[in-house]
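Trainee:
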Amino acid sequence: MLSFLRLKDIDKYDLDDPRRTIHHKEIIKSKPFLNELYINWYSRIKDLCDDAPEGRIIELGSGGGFLKEVFPEIETSDILELPDNDHTFNALNMPFEDGSLSAIVMVDVFHHVPDSEKFISEMNRCLKPGGLIVMSEPCTTWWSKIIFKNFHHEPFNEKGDWTIPGTGPMSDANGALPWIVLNRDQKRFKTTFPKLEIEKIKLHSPMSYMLSGGVSMKQLVPSWSYKPILAIEKLMTSIVPGFAMFQFIKIRKV
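Residue numbering for the sequence shown is 782 to 1035, as defined by my numbering.
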């Protein structure tokens, strides 16, 4: 059944091949439901940055996304050399001066970085006082564990630590990593990074990404159904705790 629903030619490039990332952008743009979903996520990330101090805002792991279309002042970056990005660098060694950034944003990046402590330390170094880290990441709930452990190719290991194997920027991951660092090991986080304050964790999108088919599967619902499904999701997430697959996270440097 899953192989029948997979998009044609999605596997023609290796996960860590830049051409795979470029192909992902083409897929997102070609699927109206998925495109609307990304616009919604980007708009919410932009809103979360409204109270950032004045200055440069950097997106990490921009990949095949299009955040700049919603958030024009953003500077895009990726570890891969991609034609539409402003910068190419490794997020564990960013080419920015201490205290020079007002915000760092990312979508589905944190759970791919091989060393969370080093990554957070580097972001902390680059942020000015009042600066923000804003991201959308997989969440760890009863519902997300069912989906990610049974229907997603990336590992999801709540017993893991702050590191993951670092052999490829896309092929290595642990979907539970944000929960491990910010929830399970919150005491360690606060002790290690006393100037970083978790301001908000907001669960979202229990069904819409699956129904869109993501970048590897066919869209499962008609394109016109996006707004009704979004309304149902908002209602369900307010009624059923833990009914979510993703989370918006906002962290401020105090």
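The C-beta atom is built at its ideal place from N, Cα and C for all residues, glycine as well.
Can you check the region 874–914 for any beta strand (DSSP E) of at least 3 residues that lies completely inside it and give the ranges in chain order?
Mentor: Those beta strand (DSSP E) runs which fall completely within the region 874–914 and span 3+ residues are 882–888.
Trainee: Roughly how many whole angstroms lie between the Cα atoms of GLU835 and LYS806?
Mentor: Near 30 Å, if we compare the C-alpha coordinates of LYS806 and GLU835.
Trainee: So the candidates are PRO975, LEU984, PRO799; which of them puts its Cα closest to the Cα of PRO1022?
Mentor: Checking every option, the nearest Cα to that of PRO1022 belongs to LEU984.
Trainee: Spatial neighbours of ILE1020 within its chain, please: C-beta separation below 7 Å, excluding the five flanking residues on both sides.
Mentor: Counting only Cβ-Cβ distances below 7 Å, and skipping sequence neighbours, we find nothing.
Trainee: From the DSSP output, which residues share a beta bridge with MET1026?
Mentor: Per DSSP, none; premise fails for MET1026.
Trainee: First and last residue of the alpha helix (DSSP H) that includes GLU807?
Mentor: Looking at the DSSP string, the run of the alpha helix (DSSP H) that includes GLU807 is 799–811.
Trainee: Shortest alpha-carbon distance to LEU815 belongs to which of ILE1010, LEU1016, PHE1029?
Mentor: The option with the nearest alpha carbon to LEU815 is ILE1010.
Trainee: Would you identify the three-state DSSP class for MET998, choosing helix, strand or coil?
Mentor: The answer is strand: DSSP assigns MET998 an E or B state.
Trainee: Whole angstroms is fine: what's the gap from SER989's alpha carbon to ASP942's?
Mentor: Roughly 29 Å separates the two Cα atoms.
Trainee: Across the region 878–897 and the region 824–832, are there enough close Cβ pairs to call them in contact, namely three or more that are closer than 8 Å?
Mentor: A contact exists between the region 878–897 and the region 824–832.
Trainee: Output yes or no for whether 8 Å exceeds the beta carbon distance between SER881 and THR869.
Mentor: In this structure, THR869 does not lie closer than 8 Å to SER881 by Cβ.
Trainee: Under 8 Å, do ASP867 and GLU856 count as touching if we go by C-beta distance?
Mentor: Cβ distance < 8 Å, so ASP867 and GLU856 count as in contact.
Trainee: Let's see if you can read the secondary structure: which residues bound the alpha helix (DSSP H) around GLU978?
Mentor: Careful: GLU978 lies outside any alpha helix (DSSP H), inside the beta strand (DSSP E) at 977–985.
Trainee: What does a CB cutoff of less than 7 Å around VAL851 pick up in its chain, not counting 5 residues either side in sequence?
Mentor: These residues qualify, in order along the chain: ILE820, TYR823, SER824, LYS827.
Trainee: Among the candidates TRP923, VAL962, TYR1007, whose CA atom is the shortest distance from the CA of LEU768?
Mentor: Nothing in the structure corresponds to residue 768, since the chain is present only between 782 and 1035.
Trainee: Residues bridged to PRO919 by DSSP?
Mentor: The partner list for PRO919 (beta bridge, DSSP) reads PHE1027.
Trainee: Who are the Cβ neighbours of PRO946 in its own chain at under 8 Å, not counting the five residues just before and after it?
Mentor: Closer than 8 Å at the Cβ level, and outside the excluded window around PRO946, lie PRO895, ASP953.
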